[in-house]
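**Student:**
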Amino acid sequence: FIPVVSVVIARSRHQKKITEQLPDMVDELARAAKTGRSLEQCLQLVAEDTPSPLGDELRMCVQKMELGMSISGAIKDLPHRTGVVSLNVLRTALTVHHQTGGDLISVLDRLSATIRDRISYLGRLNAATAASRASAIMMLVIPPGVVLFFLFRDPNYLERLTDSAWGRNITLTAIVLQVIGATWVLRILKSSQQS
């Protein structure tokens, strides 16, 4: 259980760091485009200057382009690989520009503003739903905590419950319902954070 939680926390921190770096990276991409470079050159320049973890992902995309892959193909799996939803917008904008052309600078400026607005919105959403998340977490933690408290206080406390078939069925049903409820609550929390 602890390794899974630590991996989830590490991935969440990784995604948060990428999300924080994204608007500045798009701004730098727009500045590079103003110098008259091609999109591929701009992406290569920005990849070199962007620190980890977003820089590592961009450098991986640049390596794919150096091996002959198109920019669309190189950034295709970037959002899926990182789990950052905002990268879908960047991928779509760069792919459309690569295929159709147009004013890259204004597209990147609007994209940067959109990503900043989205980050601001998610921050307000997280602040507004913090109490609900805390309540949900308490609902998940309290039932097992109460059972553990009574087991430590009196190890024979649940003996009558587990000695009969009826008691075992009720206990098993309660555990299954707790797991279903925990899964449901965690999905709701996850979807509220990805909105």
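Quick note on the working numbering: the sequence shown kicks off at 5 and runs consecutively. Note that CB positions come from ideal geometry on N, CA and C, so glycine has one too. Remember, predicted model here, so these are calculated numbers, not experimental data.
Taking just the CA atoms, how far does residue 42 sit from residue 126?
**Tutor:** 33 Å
**Student:** Between the C-alpha atoms of residue 91 and residue 130, what's the straight-line distance to the nearest angstrom?
**Tutor:** 20 Å
**Student:** Can you tell me whether DSSP reads residue 4 as helix, strand or coil?
**Tutor:** This structure leaves residue 4 out entirely; the chain is present only between 5 and 199.
**Student:** Starting from residue 122, follow the alpha helix (DSSP H) in both directions and report where the run begins and ends.
**Tutor:** 108-132
**Student:** Once the 5 residues before and after residue 120 are set aside, which same chain residues still bring their CB inside 7 Å of it?
**Tutor:** 27
**Student:** I believe residue 51 touches residue 35 by the beta-carbon criterion, under 8 Å. Please report the beta-carbon distance rounded to the nearest angstrom.
**Tutor:** In fact, because the Cβ distance is near 14 Å, the residues do not count as touching under 8 Å.
**Student:** Check the C-beta distance from residue 182 over to residue 147 and give it rounded, since I have them as a contact under 8 Å.
**Tutor:** 6 Å
**Student:** Output the distance between the C-alpha atoms of residue 25 and residue 143, rounded to the nearest integer angstrom.
**Tutor:** 35 Å
**Student:** Tell me whether residue 191 is buried or exposed, calling it buried when 16 or more other Cβ atoms sit within 10 Å of its Cβ.
**Tutor:** exposed
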